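Trainee: A single structure is presented below for examination.
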Amino acid sequence: MDPTQRAAQAAFSRLGFFLLSGLPKGSEFGMDGQVWTVDDFAGVKLIPPGLHFFLFSAAPRLPPTSSAAEPSPSTAGAAALGVRHGILRFYGQEGEMVLEAWDPAREELAPAPSSSSSSSSSSSRRAKKRRRVPARSIPEDEPEETVVSTEYLRTLDPHLAPYPAPSSDQVRRWTALSGLITPATVARVVGVDEKGCGRVDALMESAEEAQELRRAGGDEGGRRFWGKKRGEAEAEAEVTEVVEVEEEEPGEGEAQQAEEDDGEGEGRLEFVRFDARRSWPPGAVGEELSRWSKDKSWLLSEVVRTQLGGDPKELLAELQLSFVLCSLLHNFSSLSSYKSLLALVCRSSVLALPSSSRPPLPSLPSPLLDSDVTLPLLASFLSLFLAQLEFLDPDFFATQLPALETHLLAELEHLRVALSDASASWQSLAQPALASTSPLPPSSGPAAVWSTLVARWNAVAATSMEKFGWDLGLIEGTKARYFELRQSTTKEREGGGLGSEWEDQEEGDTGEIPFEELEEGEDAPVIVDPEEGMRGVC
1 MDPTQRAAQA AFSRLGFFLL SGLPKGSEFG MDGQVWTVDD FAGVKLIPPG LHFFLFSAAP
61 RLPPTSSAAE PSPSTAGAAA LGVRHGILRF YGQEGEMVLE AWDPAREELA PAPSSSSSSS
121 SSSSRRAKKR RRVPARSIPE DEPEETVVST EYLRTLDPHL APYPAPSSDQ VRRWTALSGL
181 ITPATVARVV GVDEKGCGRV DALMESAEEA QELRRAGGDE GGRRFWGKKR GEAEAEAEVT
241 EVVEVEEEEP GEGEAQQAEE DDGEGEGRLE FVRFDARRSW PPGAVGEELS RWSKDKSWLL
301 SEVVRTQLGG DPKELLAELQ LSFVLCSLLH NFSSLSSYKS LLALVCRSSV LALPSSSRPP
361 LPSLPSPLLD SDVTLPLLAS FLSLFLAQLE FLDPDFFATQ LPALETHLLA ELEHLRVALS
421 DASASWQSLA QPALASTSPL PPSSGPAAVW STLVARWNAV AATSMEKFGW DLGLIEGTKA
481 RYFELRQSTT KEREGGGLGS EWEDQEEGDT GEIPFEELEE GEDAPVIVDP EEGMRGVC
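What follows is the structure in structure tokens.
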């Protein structure tokens, strides 16, 4: 056996597989941000450890004709494809297998028989169960292991797509889009079955949406009524809308029904819940109420403290997950959560300040997050938002979600103003570090983190200007190279570039500046006398 064959066999036994049967010809299959139309397709092989997202949208099948005993695939095109279904799965074990089967009659996934399943019906019931975990806990039970013979895999091999190489653009983009999402994030927001899969589809609603809709209507006789309830004689004619409600399976207990009533049942997305319209602490009056109505700093701190186990990275993980579900799965409940989470971060103005520069806040019932946490939080937010902008097509906002563009521009302006207001304070704290005798800029501490944050803002502004024509503006007290090209942006975009200064950017560079590689020389952060104006060049 030559070395190439040995390496292939080693990879075959070490890496994971996703096996899918029954998906009709002409259906869509997506994996980690890329979507294809498939023909004779049985799954994906050689999947590395980490989070992966598989999605499917089945082509419609025409009814059988007199000359054909079986239904045949439709040729109606992408517009006729069914609802998108997705699976979020963390691969970890060597040679891990996930088996799924498409049920064409129900137009949804049905668990495929496995060696550990006693029957297909019992497996189906188990697969529908969900479990939620606290933000920072790890599920105690391991995913159910599926065993597939090597001989069977070899028969499928011609129909298995290989996972892209680690150095590919697709893998780089997916890592940037999902790098903060943890197993706890998926278990908390989506829920996972005993196979370790988080199942979601384009129509899945959030628990918060379900709760609001329940307040607006009611269920009766398996039907859901929207609007004001009328007399029985007028109900059929006057009801605004009637939709079928799935009946509860026998054997479901009262505890589960109570869980449903709270909006925390199976099949719903459990993003963090908060009301941005009531963002002040309990008992706030007067100036305090006015302050926290506009500034969401206390609300963000409270959400992290009470719902995310004190881990602010989980807030960014939910921001990433909501973007993935909206942009790839077309789940619009996730779009609402994405907009709310992004606004929560961008409107937390006090959190952008150093802790020592914040106004006295003695009456808060719980403290704000410390700036040692919030400055890296904002820098990480800009990094993940940059990855999201790079992922979207240039015409995305113009052709698909123009209202989202308006929302993003408004929220980013709030963030720019907050960072501008904090700029002088952060640069003042950086002065001792910059006054040291070392010829290199500081590689840690507030000076380095602030410089990194400014560099990431500039990267977001440059990318959005080149791709979408946005003019986000500068953080006051800073400069950026791309604004020198501001007047000629439109012409150069029409001509196909922003100039050699940006075209020479290394392939795969997201604009994220590692702490140890902050720029030196004339591009290093510079602090001058405040009377002449504080300026940082990044």
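Using full-length UniProt numbering, you'd call the opening residue of the sequence shown number 1 and step up by one each time. Don't be surprised by glycine CBs; every beta carbon is placed ideally from N, CA and C. Model, not experiment: these values are computed from the prediction.
1) Using DSSP with H/G/I as helix, E/B as strand and the rest coil, what is Thr-452?
2) Can the beta-carbon of Leu-344 be found less than 8 Å from the beta-carbon of Lys-296?
3) Cβ atoms of Leu-15 and Val-38: under 8 Å apart, would you say?
4) Below 6 Å CB to CB, which residues in the same chain sit around Gly-43 once its five sequence neighbours on both sides are set aside?
5) Using 8 Å as the Cβ pair cut-off and three pairs as the minimum, do the stretch 414-433 and the stretch 344-353 touch?
6) Could you say which of Leu-409, Thr-155, Ser-366, Ser-178 lies nearest to Thr-306 if we only look at CA atoms?
7) Taking Leu-54 as the reference, which of Ala-184, Ile-87, Cys-346 has the closest Cα?
8) Using a Cβ-Cβ cut-off of 6 Å (strictly less than) and excluding sequence neighbours within five positions of Leu-377, which residues of its own chain qualify?
9) In the DSSP output, what is Asp-201 paired with across the bridge?
10) Measure the C-alpha to C-alpha separation of Gly-445 and Ser-336 and round it to an integer number of angstroms.
11) Count the other CB atoms, across all protein chains shown, that sit within 10 Å of the CB of Pro-183; report buried if there are 16 or more and exposed otherwise.
12) Determine the burial state of Thr-406: buried for a count of at least 16 other Cβ atoms within 10 Å of its Cβ, exposed for fewer.
13) With respect to the alpha helix (DSSP H) encompassing Lys-339, which residues constitute its N-terminal and C-terminal limits?
14) Grouping DSSP H, G and I as helix and E and B as strand, with all else coil, what is Gln-400?
15) Does DSSP put Ala-352 in a helix, in a strand, or in coil?
16) Would DSSP call Gln-427 helix, strand or coil?
17) Is the beta carbon of Val-449 closer than 8 Å to that of Ala-379?
18) Please state if the CB of Gly-92 and the CB of Gln-49 are separated by a distance shorter than 8 Å.
19) Cα-Cα, which of Ile-47, Leu-419, Glu-108 is closest to Pro-164?
20) Cutting at 7 Å between CB atoms, please list the residues of its own chain near Ile-475, excluding the five before and the five after it.
21) To which residues of the same chain is Leu-300 closer than 6 Å at the C-beta, ignoring the five residues directly before and after it?
22) In angstroms, rounded to a whole number, what distance separates the CA positions of Gly-310 and Glu-318?
23) So what's Glu-96 in DSSP terms, helix, strand or just coil?
24) Measure the Cβ-Cβ separation of Val-189 and Phe-271 and say whether it is below 8 Å.
25) So, are the CB atoms of Ala-207 and Leu-269 less than 8 Å apart?
26) Smallest Cα separation from Ser-316: which of Ser-327, Leu-328, Val-303?
27) Cα separation between Ser-371 and Ser-27?
28) For the alpha helix (DSSP H) that contains Ala-187, what are its first and last residues?
29) Cα-Cα, which of Ser-168, Arg-358, Ser-363 is closest to Glu-288?
30) Between which two residues does the alpha helix (DSSP H) holding Pro-376 run?
31) Using a threshold of 8 Å, state whether the C-beta atoms of Leu-325 and Gly-30 are closer than that.
32) Considering Cα atoms alone, identify which of Ala-430, Trp-280, Asp-193 is closest to Leu-361.
33) Can you list, in chain order, the residues of its chain whose CB lies under 8 Å from that of Leu-203, leaving out five sequence neighbours each side?
34) Under the rule that 16 or more other beta-carbon atoms within 10 Å means buried, what is Tyr-152, buried or exposed?
35) Residues in the same chain with beta-carbon distance under 6 Å from Cys-197, minus the five sequence neighbours each way, listed in chain order, please.
36) Hey, could you find the ends of the beta strand (DSSP E) Val-44 is sitting in?
Mentor: According to the structure data:
1) helix
2) yes
3) no
4) Phe-18, Leu-19, Leu-20, Leu-160
5) yes
6) Ser-366
7) According to the sequence displayed, residue 54 carries Phe and not Leu. If we check each option's Cα against that of Phe-54, Ile-87 comes out closest.
8) Pro-312
9) His-85
10) Approximately 36 Å between the Cα atoms of the pair.
11) buried
12) exposed
13) Its alpha helix (DSSP H) spans residues 332-346.
14) coil
15) helix
16) Helix, per DSSP.
17) Yes, these two residues count as a Cβ contact at 8 Å.
18) Residue identity check: residue 49 is Pro in the sequence provided, not Gln. A contact, by the Cβ cut-off of 8 Å.
19) Ile-47
20) Arg-416, Leu-419, Ser-420, Ser-423, Val-454, Trp-457
21) Leu-344, Ser-348
22) Taking C-alpha positions only, Gly-310 is separated from Glu-318 by approximately 14 Å.
23) coil
24) Their beta carbons are under 8 Å apart, which means Val-189 touches Phe-271 by this criterion.
25) yes
26) In the sequence as presented, Ser is not what sits at residue 316; that position holds Leu. The candidate whose alpha carbon is nearest that of Leu-316 is Val-303.
27) 49 Å
28) For Ala-187, the enclosing alpha helix (DSSP H) begins and ends at 183-189.
29) Ser-363
30) In the DSSP assignment, Pro-376 falls within the alpha helix (DSSP H) that extends over 371-391.
31) no
32) Trp-280
33) Val-83, Asn-331
34) exposed
35) The residues are Ile-87, Arg-89.
36) 43-47
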